[in-house]
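Going line by line, the protein sequences match chains B and Y.
All the letters of the first sequence, read from the start, carry residue numbers 486 to 685 under the numbering used here.
All the letters of the second sequence, read from the start, carry residue numbers 423 to 539 under the numbering used here.
The beta carbon of each residue, even a glycine, is placed where N, CA and C say it ideally should be.
The next block holds one structure in the form of structure tokens; read it before the comments.
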Amino acid sequence: MTSLYGADGRNVACTVIEAGPCVVTQVKDVETDGYTAVQLAFGERKEKNTPKALKGHFDKANTTPKKEVVEFRNFRAEFEGGVQLGQEINVGDVFAEGDFVDAIGTSKGKGFQGVVKRHGFGGVGQQTHGQHNRLRAPGSIGGASYPARVFKGMRMAGRMGGNRVKTINLQVMKVVPEKNLLVVSGSIPGAKNSTVILEK
Amino acid sequence: MSDLIKLVEEEANAARAKMPDFKAGDTIAVYYKIKEGNKERIQQFQGTVLQRRNPNTNGETFTVRKVSNGIGIERIFPLLSPNIDKVEVIRKGKVRRARLFYLRGRQGKAARIREKK
Numbered sequence: 486m487t488s489l490y491g492a493d494g495r496n497v498a499c500t501v502i503e504a505g506p507c508v509v510t511q512v513k514d515v516e517t518d519g520y521t522a523v524q525l526a527f528g529e530r531k532e533k534n535t536p537k538a539l540k541g542h543f544d545k546a547n548t549t550p551k552k553e554v555v556e557f558r559n560f561r562a563e564f565e566g567g568v569q570l571g572q573e574i575n576v577g578d579v580f581a582e583g584d585f586v587d588a589i590g591t592s593k594g595k596g597f598q599g600v601v602k603r604h605g606f607g608g609v610g611q612q613t614h615g616q617h618n619r620l621r622a623p624g625s626i627g628g629a630s631y632p633a634r635v636f637k638g639m640r641m642a643g644r645m646g647g648n649r650v651k652t653i654n655l656q657v658m659k660v661v662p663e664k665n666l667l668v669v670s671g672s673i674p675g676a677k678n679s680t681v682i683l684e685k
Numbered sequence: 423m424s425d426l427i428k429l430v431e432e433e434a435n436a437a438r439a440k441m442p443d444f445k446a447g448d449t450i451a452v453y454y455k456i457k458e459g460n461k462e463r464i465q466q467f468q469g470t471v472l473q474r475r476n477p478n479t480n481g482e483t484f485t486v487r488k489v490s491n492g493i494g495i496e497r498i499f500p501l502l503s504p505n506i507d508k509v510e511v512i513r514k515g516k517v518r519r520a521r522l523f524y525l526r527g528r529q530g531k532a533a534r535i536r537e538k539k
């Protein structure tokens, strides 16, 4: 992350995203697929690490094997007249300064975490005054003889992170078309160098 | 990938390089743009630099202290703020600290700073 100064003089924390070039690898329409969508691919992948079937798919679009393939359903609205198979889409074609975008990614895995970190519980009691070994405990998880069970969905400790997360309404602060860079306000899900899906 | 961040920060680095060199103990004048409705005017704030925080980042700020009518006033400016018109170094001070918070407790003669020759 970095930061930029807005026009009003405020220092805004920003994330730099490499958003392109993406290649159209498939155009779906109602006749053949039952719905309309555009499939985009991004990032390079070694040919020896690409399954033959996937390679054939990329060959159809006349492009090299790509790392990620994502389908977008409401894509045509952006491009009047539609897009062609194998067409290259750059950041400047879709995004402009001031746009609001959503970023979808996989959040950082946190491992097995307690309820205080995972669900924001307050813990039990305080650290002193005879308190012993219950500081970050969940407390009671329900009644006893009635209902004689723990309710489904009771928030407990467990695996945290690594989920699909969407961060909405990030403002595009800057577009660098030469390098296909997008600078958006705020943070986005996932670790550095991970892949995110951007929606306008 | 941090190279991409560097690329984005290039502009800010260039702006930082243009700033005059000043540090804690120096007396400076900050020309600050103030917007009133549609009109914009420039206000001067002159005083002693108490500290520079988060150096060499986009969020770098500096604190300027002046005593006005016996009342100490401190303002914090972001170094790279677009609202700063210019910064003028009036006097270089000789101090032995990076942060001059001890000035807050002093008045008049005790709050003097030797000039750097």
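Which residues in chain Y sit within 7 Å of T487 of chain B, going by Cβ to Cβ distance? In the first sequence, counting from the first residue as 1, residue 487 of chain B sits at position 2. Those within 7 Å of T487 of chain B in chain Y are I427, V430, E431 and N480.
Where E432 of chain Y sits in the DSSP three-state scheme: By one-based count along the second sequence, residue 432 of chain Y stands at place 10. Reduced to three states, the DSSP call for E432 of chain Y is helix.
Just the Cα atoms here: how many angstroms apart are E503 of chain B and V609 of chain B? Along the first sequence, read from residue 1 onward, the residue named residue 503 of chain B stands at position 18. Along the first sequence, read from residue 1 onward, the residue named residue 609 of chain B stands at position 124. Distance between the alpha carbons of E503 of chain B and V609 of chain B: 45 Å.
Whose CA, out of B:I653, B:L655 and B:M645, lies closest to the CA of F597 of chain B? Position 112 of the first sequence, counted from the start, is the residue given in the question as residue 597 of chain B. Ranking the options by Cα distance to F597 of chain B, first place goes to B:M645.
Among the residues of its own chain, which have a CB less than 7 Å from the CB of S488 of chain B, if the five just before and after it don't count? In the first sequence, residue 488 of chain B corresponds to position 3, counting from 1. Cβ neighbours of S488 of chain B beyond the five flanking positions: N496, V497, A498 and C499.
Please give me, in chain order, every unbroken run of the alpha helix (DSSP H) with length at least 4 that falls completely inside the stretch 541-606 of chain B. Counting whole runs of 4 or more residues, the stretch 541-606 of chain B contains the alpha helix (DSSP H) stretches 576-579 and 600-604.
Could you name the residues of the same chain whose beta carbon sits closer than 6 Å to that of C507 of chain B, not counting the 5 residues immediately before and after it, in chain order? Taking the first residue of the first sequence as 1, we reach residue 507 of chain B at position 22. Same-chain partners within the cutoff: L525, F527 and I574.
Roughly how many whole angstroms lie between the Cα atoms of G571 of chain B and Q511 of chain B? Taking the first residue of the first sequence as 1, we reach residue 571 of chain B at position 86. Taking the first residue of the first sequence as 1, we reach residue 511 of chain B at position 26. Roughly 8 Å between the two C-alpha positions.
Coarse secondary structure for Q539 of chain Y, derived from DSSP in three states: Locating residue 539 of chain Y in the second sequence gives position 117, where the first residue counts as 1. Contrary to the premise, residue 539 of chain Y reads as Lys rather than Gln in this sequence. Residue state, collapsed to three classes: coil.
What's the gap between the Cα of G505 of chain B and the Cα of G492 of chain Y? Numbered from 1 along the first sequence, position 20 holds the residue referred to as residue 505 of chain B. Numbered from 1 along the second sequence, position 70 holds the residue referred to as residue 492 of chain Y. Rounded to whole angstroms, the gap between the alpha carbons of G505 of chain B and G492 of chain Y is 59 Å.
I'd like to know whether the C-beta atoms of R449 of chain Y and T470 of chain Y end up nearer to each other than 8 Å. The sequence position of residue 449 of chain Y within the second sequence is 27, counting from 1. The sequence position of residue 470 of chain Y within the second sequence is 48, counting from 1. Sequence inspection shows Thr at residue 449 of chain Y; the Arg mentioned does not correspond to that position. Yes, they are a contact pair.
Count the CB pairs spanning the stretch 620-634 of chain B and the stretch 434-450 of chain Y that are closer than 8 Å, and state whether there are at least three. no
Skipping 5 residues on each side, what residues in its chain have a beta carbon closer than 8 Å to that of T591 of chain B? Residue numbering aside, residue 591 of chain B sits at position 106 when the first sequence is read from its first letter. Excluding positions up to five away in sequence, the list reads G647, N648, R649, V650, P674, G675 and S679.
Within 8 Å of any Cβ in chain B, is that where the Cβ of P500 of chain Y sits? Taking the second sequence and counting its residues from 1, one reaches residue 500 of chain Y at position 78. P500 of chain Y counts as touching chain B.
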